[in-house]
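Beneath this line is the structure, given in structure tokens, with notes to follow.
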Amino acid sequence: MSSSSSRPIDRNSSKASDHDAACPIANFHPDDVWGDFFLNYTPVHEVTQKLREEEARKLKEHVKRELLEASSDLLKWLNYIDVIQRLGGAYHCEDEIGEALQYIHKSYYVKDKDDLCRTSLLFRLLRQHGLYLSCGK
């Protein structure tokens, strides 16, 4: 071990001042961003909360219904499942998505005339849900 690496850094040297100039001091003040929002927060009224919960329940049912109605067109069905997952709402209709993908896995065969978009989306969704689909012929 060399003696130069064990010496403490001299703050007066030019190397130290170059290092300090390259590392600016953070000037972050969280009080300026949030103010006292969380100190003055009042929860929503119980009636408003019930209305929001009811609206959320209706929207969940609407998504589930749309998922079942999309089954007439395979590409639309796969895209709908993909969008639900990407938006983070798949946990609300895990059973419906699982049943849809099981049905597709059992009944659909990739044909040569299928486009790349449909085939790749089908492959990815089935593989993500643990369903085997051969990547070769």
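Numbers 121 to 257, taken from the working numbering, label the letters of the sequence shown in order.
Note that the Cβ used here is the ideal one computed from N, Cα and C, for glycine as well.
Owing to the predicted nature of the structure, the values given are computational and were not obtained by experimental measurement.
Assumed close pair residue i, residue j - CB separation to whole angstroms, cut-off 8 Å
i: V183; j: G209; result: 7 Å
Straight-line gap, residue i to residue j (C-alpha atoms, nearest Å)
i: Q169; j: K226; result: 43 Å
i: K178; j: R185; result: 10 Å
i: R244; j: A176; result: 29 Å
i: T239; j: N199; result: 12 Å
i: L242; j: I224; result: 9 Å
i: Y211; j: C143; result: 44 Å
i: M121; j: N147; result: Because M121 sits at a pLDDT of 49, beneath the cut-off of 50, its placement in the model cannot be relied upon, and the point is left open.
i: G218; j: L159; result: 44 Å
i: W197; j: Q248; result: 16 Å
i: S191; j: D202; result: 14 Å
i: T162; j: E173; result: 18 Å
i: V164; j: C255; result: 52 Å
i: D215; j: L171; result: 26 Å
i: L246; j: Q205; result: 13 Å
Cβ neighbour criterion (16 or more within 10 Å) applied to residue i
i: S123; result: With a pLDDT of 49 at S123, under the threshold of 50, the modelled position of that residue is not reliable, and no figure is offered here.
i: I145; result: exposed
i: C213; result: buried
C-beta contact flag for residue i and residue j at 8 Å
i: L251; j: L221; result: yes
i: L194; j: Y228; result: yes
Residue i Cβ short of 7 Å to the ligand FMN heavy atom set
i: Y228; result: The ligand content of the structure shown is nil, which means the ligand FMN is not present either.
*4 or more residues per run - each alpha helix (DSSP H) lying fully within the region 169-248*: Whole alpha helix (DSSP H) segments, 4+ residues: 194-206, 214-227, 236-248.
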